[in-house]
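Numbering (the numbering used here), first residue to last: -18 to 148. From the three backbone atoms N, C-alpha and C, an ideal C-beta is built for every residue, glycine too.
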């Protein structure tokens, strides 16, 4: 395995011309994931943002079924949390992070239904300096009814596999 300085590339819908619905990001997505860059697409999804709707991410995932993509912040609101299940059923190439989730209850049910291999731990913690902060989801994940193997997937193994990082 070769060293990688960068493993993922974000597609921020507000920075793209047009819409995030499978048409507009086609050339940048092909270049980013192509042999030259080989980056994992990272997509931001906030239910409250028209530009970052989950249905648009589903359209993009349908257009590129062979490319695994990481969806950030999709569990941030109740409607988005419910919509994640419909999108996950339709798009097996999407993984969802836990950032901005109020609690782990819905995500635990999501992992039980679609597999823990589709969930990536997100800390909600940004770049330092922030002082001492911890994720409120970490203890909930550790105390959940998921198996130890599923917890290990969510808490690191999925991200390492997706971004091709050695343990």
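Got a sec? Which residues, its chain only, sit under 7 Å from residue 29 by beta carbon, not counting five neighbours each side?
The residues 58, in chain order, have a CB closer than 7 Å to that of residue 29 in the same chain once the five nearest residues on each side in sequence are set aside.
Residue(s) in a DSSP beta bridge with residue 75:
In DSSP, residue 75 forms a bridge with 50.
Can you give me the C-alpha to C-alpha distance between residue 141 and residue 31, rounded to a whole angstrom?
Approximately 31 Å, taken between the alpha carbons.
Run through DSSP, which three-state label would residue 98 get?
DSSP places residue 98 in helix when its eight states are reduced to three.
What three-state label does DSSP hand residue 146 in the structure shown?
Reduced to three states, the DSSP call for residue 146 is coil.
Which residue comes first and which comes last in the beta strand (DSSP E) that contains residue 24?
Annotation for residue 24: the continuous beta strand (DSSP E) segment containing it runs 21 to 25.
Let's test the definition: count the other Cβ atoms within 10 Å of the Cβ of residue 79 and tell me whether it reaches 16, buried, or not, exposed.
Taking all protein chains in view, the Cβ of residue 79 is crowded by 16 or more other Cβ atoms within 10 Å, so the residue is classified as buried.
Only counting the same chain, and skipping five residues up and downstream in sequence, which positions put a Cβ closer than 6 Å to that of residue 136?
Answer for residue 136: 102, listed in chain order.
Of the residues 105, 73 and 100, the one placed nearest residue 44, counting alpha carbons only:
When each option's Cα is compared against that of residue 44, the closest is 73.
Rounded straight-line distance, which links the Cα of residue 25 to that of residue 82:
If I take the Cα positions, the gap works out to 14 Å.
Looking only at C-alpha atoms, which of 84, 50 and 38 sits nearest to residue 143?
The alpha carbon of residue 143 has as its nearest neighbour, out of 84, 50 and 38, the alpha carbon of 50.
Close Cβ partners of residue 127 (< 7 Å) along its chain, the five nearest in sequence each way excluded
Closer than 7 Å at Cβ, skipping near neighbours: 89, 92 and 97.
Proximal residues to residue 121 (C-beta, below 7 Å), its chain only, five neighbours per side dropped
Result list for residue 121: 84 and 85, in chain order.
Do residue 105 and residue 116 count as a contact pair if the criterion is CB distance below 8 Å?
Taking 8 Å as the Cβ cut-off, residue 116 and residue 105 qualify as a contacting pair.
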